[in-house]
Amino acid sequence: MGGDTVLAPRRNMLQQMIYLIGLYGHYLKVYVKTLIEYRADTLIAIVAGIVAQGSTLLFLTVIFQRIPKLADWSFYEMVFIFGLAATAKALNQALFNAPFSLTWVIRSGQMDVMMVRPVGALFQSIGNSQELNGVGQLVTGIAIMVYSASRLEMDWTVWLLVYAVIALFSSAVIQFAVLLTISVLTFWVHEIRSLIYPINWLFDFTRYPLEIFHPVLRGLLTYVIPYALGSFFPAAYLLRSHQYEWAAWGVPATAAVVMALAYWLWSVGLRRYSSVAG
């Protein structure tokens, strides 16, 4: 009996998907228990999120006291764009923060442990990467979206509500895929963290209408590092669907493409990985 080999059960694609969703649910339970256990830290994170987002709203308020519109966008439209981008970034930070810890995972030998388990190393990295600070910004971002939408008297149909959820998760995936693409270079380069943070900060530009930026920056954030597809454009579609109809399918399609490319690069890097024990 002691020499018998225990094999992971065989599952079809649907069964594997259900299994992974359930497993990630367990990771989230641990995350929620952490939030409850460390109440003071959770409260500080929420307050910090309110202060951080509030400072930007104060900046917008000062700007719009002098000009009625910015690139043809009104104050509350700008606030809605900002709120959606803030919510999407917080969602990414709270659920998909793995790229920031990948270097440590590889150097500490944790990758060796993950690779011998019956679940993929990338899935385990995602499951262990929830960030406490994302909670405060998530709560604040949603509040800003709801407030600005009420002032704009937006006509929320069932489709727009569904699309808002799809867009937020698509944005989180786009951010994750971009940062994963950078962090995966750790398999080839000794130090990559000095690059991943500036790339992450670029997302903050897309909290505002792209028209106010130079064409080069607009092209960078749309076609090279497609952060705008996860913030400005979905917000613009929700506000002015007749002008941005393509965003209805373009946002989730972009998320699928960049995630597929990032996962391919991850697979290539993982095949190159050699154990730290070796």
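Using our numbering, the first residue of the sequence shown is number 1082, and each one after it goes up by one.
Glycine residues also receive a C-beta, built at the ideal position from the N, C-alpha and C atoms.
As the structure is a computational prediction, the values presented were derived from the model and not from experiment.
Just grab the DSSP bridge partners of residue i for me.
i, result
"TRP1154", "LEU1151"
Just to confirm the assignment, what range does the alpha helix (DSSP H) spanning residue i have?
i, result
"TYR1289", "Taken as a continuous stretch (DSSP letters only), TYR1289 belongs to no alpha helix (DSSP H), as it is neither H nor E."
"VAL1200", "Segment: none, VAL1200 is in no alpha helix (DSSP H) and carries neither H nor E."
"ILE1273", "Per DSSP, ILE1273 belongs to no alpha helix (DSSP H) and is neither H nor E."
"THR1184", "1183-1188"
"ASP1122", "1120-1145"
"THR1335", "1328-1353"
"VAL1305", "Counting along the chain, VAL1305 falls outside any alpha helix (DSSP H), and DSSP gives it neither H nor E."
"ALA1248", "1239-1264"
"LEU1320", "1313-1320"
"PRO1296", "1296-1300"
Decide if residue i is buried, meaning its Cβ has at least 16 other Cβ atoms within 10 Å, or exposed.
i, result
"LEU1242", "exposed"
"VAL1087", "For VAL1087, the predicted structure reports a pLDDT of 44, less than 50, and the residue's modelled location is therefore unreliable. A value from the coordinates is still provided. Flag for VAL1087 reads exposed."
"TYR1318", "buried"
"ALA1337", "exposed"
"ALA1341", "exposed"
"TRP1345", "exposed"
"PHE1140", "exposed"
Between the Cα of residue i and the Cα atoms of the options, which residue gives the shortest distance?
i, options, result
"VAL1339", "VAL1265, HIS1295, VAL1254", "VAL1254"
"PRO1333", "LEU1351, SER1210, ALA1309", "ALA1309"
"ASP1285", "PRO1296, PHE1313, HIS1295", "PHE1313"
"VAL1225", "GLU1158, ILE1263, THR1267, SER1348", "Going by the sequence as given, residue 1225 is Ile instead of Val. Closest option to ILE1225, Cα to Cα, is GLU1158."
"GLN1211", "MET1098, LEU1319, HIS1107", "HIS1107"
"TYR1100", "GLU1234, VAL1160, THR1115, PRO1199", "PRO1199"
"ARG1274", "PHE1181, VAL1197, MET1192", "PHE1181"
"ARG1352", "ASP1236, LEU1266, ASN1209", "LEU1266"
Compare the C-beta of residue i with all C-beta atoms of chain C and state if any pair is closer than 8 Å.
i, result
"ARG1120", "The displayed structure is made up of one protein chain only, and chain C is not part of it."
Stretch pair the region 1209-1226 + the region 1298-1314: three plus CB contacts closer than 8 Å: The answer is no - the region 1298-1314 does not touch the region 1209-1226, with fewer than three Cβ pairs under 8 Å.
Three or more C-beta pairs below 8 Å linking the region 1184-1194 and the region 1146-1160: A contact between stretches requires three or more CB pairs, one per stretch, nearer than 8 Å, and the region 1184-1194 fails this requirement with the region 1146-1160.
Inter-stretch contact at 8 Å, needing at least 3 Cβ pairs: the region 1282-1297 / the region 1163-1170: Contact holds between the region 1282-1297 and the region 1163-1170, because three or more Cβ pairs, one in each stretch, are under 8 Å apart.
Contact the region 1193-1210 vs the region 1245-1254: 3+ CB pairs below 8 Å: Under the three-pair Cβ rule at 8 Å, the region 1193-1210 does not count as touching the region 1245-1254.
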